[in-house]
Structures are given as C-alpha cells and as structure tokens.
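>
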Amino acid sequence: MSLTLYELTGKDDRRFSPYCWRIRMALAHKGLAADFVAVHFTDKDTIAFSGQGKVPVLVDGATTVSDSFEIACHLDDNHADRPALFGNEIARGEARLINHWTNSVLHALIQPLVIDDIYQHLAEADRAYFLETRSPRFDRPFDQVQARRETDVVALRSALTPLRLTLAEQPYLAGGTPAFADYIVLGAFQWARSISPFKLLEDDDPVRAWRDRVLSAFGRAGYATTAYDA
Ligand SMILES: N[C@@H](CCC(=O)N[C@@H](CS)C(=O)NCC(=O)O)C(=O)O
Numbered sequence: 001m002s003l004t005l006y007e008l009t010g011k012d013d014r015r016f017s018p019y020c021w022r023i024r025m026a027l028a029h030k031g032l033a034a035d036f037v038a039v040h041f042t043d044k045d046t047i048a049f050s051g052q053g054k055v056p057v058l059v060d061g062a063t064t065v066s067d068s069f070e071i072a073c074h075l076d077d078n079h080a081d082r083p084a085l086f087g088n089e090i091a092r093g094e095a096r097l098i099n100h101w102t103n104s105v106l107h108a109l110i111q112p113l114v115i116d117d118i119y120q121h122l123a124e125a126d127r128a129y130f131l132e133t134r135s136p137r138f139d140r141p142f143d144q145v146q147a148r149r150e151t152d153v154v155a156l157r158s159a160l161t162p163l164r165l166t167l168a169e170q171p172y173l174a175g176g177t178p179a180f181a182d183y184i185v186l187g188a189f190q191w192a193r194s195i196s197p198f199k200l201l202e203d204d205d206p207v208r209a210w211r212d213r214v215l216s217a218f219g220r221a222g223y224a225t226t227a228y229d230a
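Counting from 1, one number per residue, gives the positions in the sequence shown under the working numbering.
1. Within the stretch 17-76, note down every full alpha helix (DSSP H) run reaching 4 residues or more, in order along the chain.
2. Tell me the residue span of the alpha helix (DSSP H) that contains L113.
3. Just to check, is the beta-carbon of K30 closer than 8 Å to a non-hydrogen atom of ligand 1?
4. Considering only residues of the same chain and omitting the five flanking positions on each side of D116, which have a CB-CB separation below 6 Å?
5. With three or more beta-carbon pairs closer than 8 Å as the criterion, would you say the stretch 115-135 touches the stretch 200-219?
6. With DSSP collapsed to three states, give me the class of G187.
7. Any heavy atom of ligand 1 closer than 8 Å to the CB of T133?
8. Among G31, W210 and T46, whose alpha-carbon lies nearest the alpha-carbon of A38?
9. In terms of alpha-carbon separation, which member of D205, G175 and L75 lies closest to R164?
10. Where does T226 fall in DSSP's three states?
11. State yes or no: is the C-beta of F86 within less than 9 Å of the C-beta of A95?
12. Output the distance between the C-alpha atoms of I110 and T63, rounded to the nearest integer angstrom.
13. For T161 and L8, I'd like the C-alpha separation in whole angstroms.
14. So what's E7 in DSSP terms, helix, strand or just coil?
15. Is the beta carbon of L58 closer than 9 Å to that of H74?
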C-alpha cells in the first residue's frame, strides 16, 4: 500500500509546517515509508482533490485524509500492526487537549516571534498571499512585530511550565516513550527552527532537552531537513 504526504515547503525547500511535521514524525514512529510531495501555500490546485485547501494531506492507497489529528487517527486505525501513536481511546482523547492547546496557545505565542523569518523564507510566489492572509492578525508590519521578540519570548517560556513539570516526572509528554502528543508539540518547535535562528528555548531548559530527544528519535528523523541550529 503506497503512502503519499503532501506537505508545505518554502524557499530552498524548507519544510516548515508544524502540522506536516507531526505527520512526518508519526510516519517515522510507525516505520511507514512515504513519498513526500512539496506544495506551496498557493498551490491550491495540487491538493484540490482532498476537498479542502490545507496541508498536511495524506493519501493512503485509495483513501485521502486531511487534518493532522485525523491523519494520526487514520494511521493508528489502519496500520494497527505498527507501533501505536495513541495507545488507546483515553490517550487519544487526552491528545486532543494537547492538540487544541498547541494550536491555540503555543502557536499563537511562537508566531509573532518568527513571523518575519517565516515571510523571508517563503517562496517568492507565496509572499503576496502570506501578507494578505497573515497581516490582519497583527497591528504592525512583520519586521516590527518580530523586533520585540527578546521581550515577547518570556511569555512563551512561561507558558511552557506544564511541559517542564511533566518532563520532570517522565521523559516524554506521552509518558515513557514518545507518541503523537509529543509530535504535536514538537511540530511547533520544528516550525520555528526550520525558518528562524532565534532561540526560543534556553540551553538549560528541560523542554529543549526533550525537543532534541524527540528530534533524534527514529534515526534522527527530525533532523532530516534544512533548519537552523536554534
Ligand atoms: N487543522 C489542520 C491545520 C492545517 C494548516 O493550517 N496547515 C497550513 C500549513 S501550516 C496550511 O495549509 N495553510 C494553508 C493556507 O493558509 O492557505 C491540521 O491540523 O492539519
């Protein structure tokens, strides 16, 4: 059965989507090989077959799935002979909380810190689209939003306290071994380091050590990309 993942790319083939990274890691976790198709924000025609306009999109044989959480559920339900991304229904339910916290809190704290770096790493063809769709989220130009990051990063680091408390008791967010909850949060940090040299996490932050552990899993799957050493 062949698998194809459609994922976002930028200038110099930077794979910078947090949601797509969740699925890259999920495929590595399950030991499933896939073909990767790079798409730009404005390549809507390429993923039109999925019935919506966002990546990731996974094609698994005759089945097409979009939305990263739905894709993870699909992978567990349809490749149950492979290591589980959730483990059971309770863990799947709890991972939904991590999903929504990451999408609504973590991403919102990271985006202003790297918004101009994202813009600078976009393919030329995507720049006008990105300006048009993302500028309304901010009250000033991207470079001016990002200029405050040395002070704004404090709020991000503070919001990571629950992660630090969890990691003081277990090596991964999901428990003794990494699972989809880890890949959801990892995607946010991978998004940043794919396009920005700015250091979100201090050297002695246990979240940084966890991030590097997860990046190193499955034969260093998380390092198989162009990124900054941030
Ligand atoms: N809920 C979706 C969100 C996916 C998403 O927002 N993807 C972004 C890339 S990071 C996208 O494709 N955006 C298209 C656009 O803004 O036009 C998921 O979890 O997969």
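Every residue, glycine too, gets a C-beta built ideally from N, C-alpha and C.
Predicted, not measured: the structure shown is a model, and the values here were computed from it.
Checking against the coordinates, here is how it stands:
1. 18-30
2. As a working note, residue 113 is residue 113 in the sequence shown. Note, L113: alpha helix (DSSP H), H107 to Q120.
3. If you number the sequence shown from 1, residue 30 lands on position 30. It does not: the Cβ of K30 is nowhere closer than 8 Å to a heavy atom of ligand 1.
4. One-based indexing of the sequence shown puts residue 116 at position 116. Correct list, in chain order: F142, D143 and Q146.
5. no
6. Here residue 187 is taken as the residue at index 187 of the sequence shown, counted from 1. It is helical.
7. By one-based count along the sequence shown, residue 133 stands at place 133. Yes, Cβ of T133 sits closer than 8 Å to a heavy atom of ligand 1.
8. The residue given as residue 38 occupies position 38 in the sequence shown. Minimum Cα distance to A38 is reached at T46.
9. Counting from 1 along the sequence shown, the entry for residue 164 is found at position 164. For the residues D205, G175 and L75, the minimum Cα distance to R164 belongs to D205.
10. For the purposes of this step, residue 226 is identified with residue 226 of the sequence shown, where counting begins at 1. Coil, per DSSP.
11. Taking the first residue of the sequence shown as 1, we reach residue 86 at position 86. Taking the first residue of the sequence shown as 1, we reach residue 95 at position 95. Yes, they are a contact pair.
12. Sequence index remark: in the sequence shown, residue 110 carries index 110 (1-based). Sequence index remark: in the sequence shown, residue 63 carries index 63 (1-based). Looking at the two C-alpha atoms, the distance is approximately 33 Å.
13. As a first step, residue 161 is located in the sequence shown; it is residue number 161 there, counting from the start. As a first step, residue 8 is located in the sequence shown; it is residue number 8 there, counting from the start. C-alpha separation (whole angstroms): 30 Å.
14. The residue you call residue 7 lines up with position 7 of the sequence shown. Looking at E7 - three-state DSSP - the assignment turns out to be strand.
15. Reading the sequence shown from its first residue, position 74 is the one you call residue 74. Reading the sequence shown from its first residue, position 58 is the one you call residue 58. Cβ distance < 9 Å, so H74 and L58 count as in contact.
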